[in-house]
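Numbering (the working numbering), first residue to last: 2 to 353.
Beta carbons: idealized from backbone N, C-alpha and C, even for Gly.
Source: prediction; values computed, not measured.
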Ligand SMILES: Cc1cc2nc3c(=O)[nH]c(=O)nc-3n(C[C@H](O)[C@H](O)[C@H](O)COP(=O)(O)OP(=O)(O)OC[C@H]3O[C@@H](n4cnc5c(N)ncnc54)[C@H](O)[C@@H]3O)c2cc1C
């Protein structure tokens, strides 16, 4: 074997794992993104760091550098139910940041003993004796092959590792669309929007660095038309869109069964969104990417036999927590329940 471990994808999950693995391992890490700058692949994201992700940074003794933060930092989320016309403000302690800078910063923390290949694309994972052969193309589109004992799929929602190795473990995917506009609202705000009557979606808006970012996750077939329909509906609610400056699209995992969370087998490990680890109720996924990477690093660093079994067992609490988000999502998308919750005084803050 050329390497002990091949990590495919360096988003929050892959970069965290690469940082936390023992230096005694021989590791290669492949990532689509460039090493620096604004060129190349960017992950579309709201760029909000939730409480659980902040806790992971506390555990991992990491502080966010100021230059990845954006402004303003907003502490409330306006929740809008388009069916019942109810609007409520909930307090949230998100940290708002620039997602691309965040990803590059996490990559920059990977120690030198890891062979990091930027701007490369993993094409295939094939079983060989004692391990796996990984085929990838480099920045000049030249194909290479390496072998590794363990392969980690940290390649996100459309994971090539999951698709190639576990075609029977497919998971529901939605299309996420985000558009960026010049911010024209009098007061910047965050919102989350429920509309399961006509557009059947979960949507959000975020004010960031002078931009108004509007996004939503939609069933694949009707994504574009429902995105436009939702914009029209929200214009009537006072949202100001104007000309889009940028449109981003990507797949997003939408788990809806316990078995959608899949951690791999036979020396292949899935972490982060590739494993299905994302909240079905809010699409928050960075904390689960950080947590699953930390769990896998501990399992592999311990040198324990049957690491797949141990990784599976150690992620049970995380999977149960994510399953509770599936139930929460089902409740929140039931108009009657949502109305009852929003009408109750639970945790909402009146604005003046
Ligand atoms: C529109 C949108 C908004 C979101 N907003 C938030 C938010 O505000 N807060 C939050 O917590 N979560 C948010 N999420 C979810 C969050 O972005 C993901 O759950 C999280 O990024 C998962 O991290 P990851 O490391 O598992 O995968 P990713 O972040 O997707 O990273 C995978 C990396 O793998 C690389 N890669 C992929 N395929 C290959 C390949 N074949 N070869 C080589 N490299 C490859 C890419 O460079 C990619 O960066 C949002 C998701 C979407 C779609």
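Does DSSP put residue i in a helix, a strand or coil?
i, result
"residue 309", "helix"
"residue 261", "helix"
"residue 21", "helix"
"residue 90", "strand"
"residue 65", "coil"
"residue 334", "coil"
"residue 163", "helix"
"residue 97", "strand"
"residue 285", "coil"
"residue 267", "coil"
"residue 110", "coil"
"residue 5", "strand"
"residue 278", "coil"
"residue 170", "helix"
"residue 151", "strand"
"residue 214", "strand"
"residue 295", "helix"
Would you please state the rounded distance, in angstroms, between the beta carbons of residue i and residue j? I believe it to be under 8 Å.
i, j, result
"residue 153", "residue 270", "5 Å"
"residue 302", "residue 23", "5 Å"
"residue 289", "residue 319", "6 Å"
"residue 155", "residue 14", "4 Å"
"residue 125", "residue 136", "4 Å"
"residue 263", "residue 167", "6 Å"
"residue 81", "residue 106", "Incorrect: roughly 33 Å between the Cβ atoms, too far for contact."
"residue 215", "residue 227", "Not confirmed; about 13 Å, so no contact."
"residue 241", "residue 322", "About 37 Å separates the two Cβ atoms, so there is no contact after all."
"residue 356", "residue 6", "The structure shown does not extend to residue 356, since the chain is modelled only from 2 through 353, so no value can be given for it."
"residue 83", "residue 234", "6 Å"
"residue 250", "residue 178", "5 Å"
"residue 183", "residue 277", "Between residue 277 and residue 183 the Cβ distance is about 36 Å, and since that is not below 8 Å, they are no contact."
"residue 230", "residue 206", "Not quite, the Cβ-Cβ distance comes to about 16 Å (not below 8 Å), so this is no contact."
"residue 239", "residue 104", "The Cβ separation is near 33 Å, so there is no contact."
"residue 284", "residue 253", "6 Å"
Quick one: what's got a C-beta closer than 7 Å to residue i's C-beta in the same chain, skipping five residues either side?
i, result
"residue 50", "95, 96, 98, 287"
"residue 171", "none"
"residue 315", "296, 300"
"residue 257", "173, 281, 327"
"residue 122", "33, 137, 138"
"residue 313", "264"
"residue 100", "44, 46, 48"
"residue 324", "259"
"residue 18", "8, 153, 155, 272, 294, 297, 298"
"residue 209", "48, 71, 97"
"residue 266", "309"
"residue 52", "94"
"residue 54", "287, 288, 291"
Following the continuous alpha helix (DSSP H) through residue i, name the residue where it begins and the one where it ends.
i, result
"residue 158", "No alpha helix (DSSP H) contains residue 158, which DSSP labels as neither H nor E."
"residue 192", "From DSSP, residue 192 is part of no alpha helix (DSSP H) but of the beta strand (DSSP E) over 191-196."
Along the chain, where does the beta strand (DSSP E) containing residue i start, and where does it finish?
i, result
"residue 177", "174-183"
"residue 208", "202-209"
"residue 116", "115-118"
"residue 137", "132-138"
"residue 77", "77-82"
"residue 125", "122-129"
What does a CB cutoff of less than 6 Å around residue i pick up in its chain, not counting 5 residues either side in sequence?
i, result
"residue 116", "29"
"residue 160", "154, 275"
"residue 181", "212, 214, 246, 247"
"residue 140", "120"
"residue 338", "332"
"residue 26", "5, 6"
"residue 75", "191"
For a test of your reading of the model: does the CB of residue i fall under 7 Å from any non-hydrogen atom of ligand 3? Yes or no.
i, result
"residue 202", "Ligand 3 is absent from the structure shown, which contains only ligand 1."
Residues in the same chain with beta-carbon distance under 8 Å from residue i, minus the five sequence neighbours each way, listed in chain order, please.
i, result
"residue 329", "281, 282"
"residue 66", "106"
"residue 237", "none"
"residue 102", "68, 69"
"residue 144", "124, 136, 137, 138"
Legend entry - Those runs of the beta strand (DSSP E) which lie wholly inside the stretch 217-256 and span at least 3 residues: 247-254
Legend entry - Runs of beta strand (DSSP E) wholly within the stretch 10-60 (minimum 3 residues, chain order): 28-31
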